[in-house]
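**Q** Handing you a structure now.
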Amino acid sequence: MTRDELELTLEEFRKGLETELALLRQLQVVAAQQREVSEARDFDRFKIVSDERDRLTRSLLAVEQGLAETRELLSTMRDQAASIPTYGTVLALRQASTDLVNDILSCDRAAMKALADAELARRAALASLERGENTLAAYRRVLAPPIANAGLVDRRG
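Quick note on numbering: this note's numbering labels position 113 of the sequence shown as 113, and the sequence is numbered without any gaps.
Here it is as structure tokens:
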């Protein structure tokens with residue numbers, strides 16, 4: 001590959017990485033929204049936000065698949081590519097991508113914790129309702145004895 005071809009390849013790769021970064025920034029916003037709706041336990045809104053995240057993720061994967069071959073080629077030509085000015089930009093874009101992915105994963109961990117907490121609260125509420133139901137059933141038995149027992153009292157009295 002000539003230097004001119006390598007420069008062109010690096011430039012195309014840079015444009016692809018910028019597209020990925022734009023998608024990752026949108027994904028970062030959506031991940032923060034997912035965390036917020038999870039913490040607020042707004043599960044209707046969660047579905048809408050999740051659908052948007054799925055759409056962005058599909059787009060990101062499509063771009064990534066388009067860059068895979070070029071990434072592999074550039075990794076084999078790293079020494080030659082390092083002498084081209086665009087290479088530094090590509091490295092900076094890759095680092096920015098890594099930072100965004102780490103931030104998105106952090107938001108996801110917080111959202112998962114909020115969802116797990118919501119599930120625990122739901123289970124605790126259900127257990128409390130069941131205990132309350134059992135207590136009411138016991139009170140009912142004490143306050144309103146079965147009619148058969150009332151008949152025994154009538155015959156003896």
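Don't be surprised by glycine CBs; every beta carbon is placed ideally from N, CA and C.
(1) Can you give me the Cβ contacts of residue 11 inside the same chain, cut-off strictly under 7 angstroms, excluding the 5 residues immediately before and after it?
(2) Could you give the DSSP three-state label for residue 83: helix, strand or coil?
(3) If we ignore side chains and look at the alpha-carbon of each, how far apart do residue 74 and residue 81 end up?
(4) Could you give the DSSP three-state label for residue 1: helix, strand or coil?
(5) Taking C-beta to C-beta, are residue 31 and residue 3 nearer than 9 angstroms?
(6) Check each candidate in 7, 121 and 107 and name the one with the smallest Cα separation from residue 33.
(7) Among 36, 119 and 9, which one has its Cα closest to the Cα of residue 66?
(8) With DSSP run on the structure shown, which of helix, strand or coil describes residue 14?
(9) Can you name, in chain order, every residue of its own chain whose Cβ lies under 7 angstroms from the Cβ of residue 90, other than the five neighbours on each side?
**A** The relevant details are as follows:
(1) 86
(2) coil
(3) 7 angstroms
(4) coil
(5) no
(6) 107
(7) 9
(8) helix
(9) 10, 13, 14 and 17
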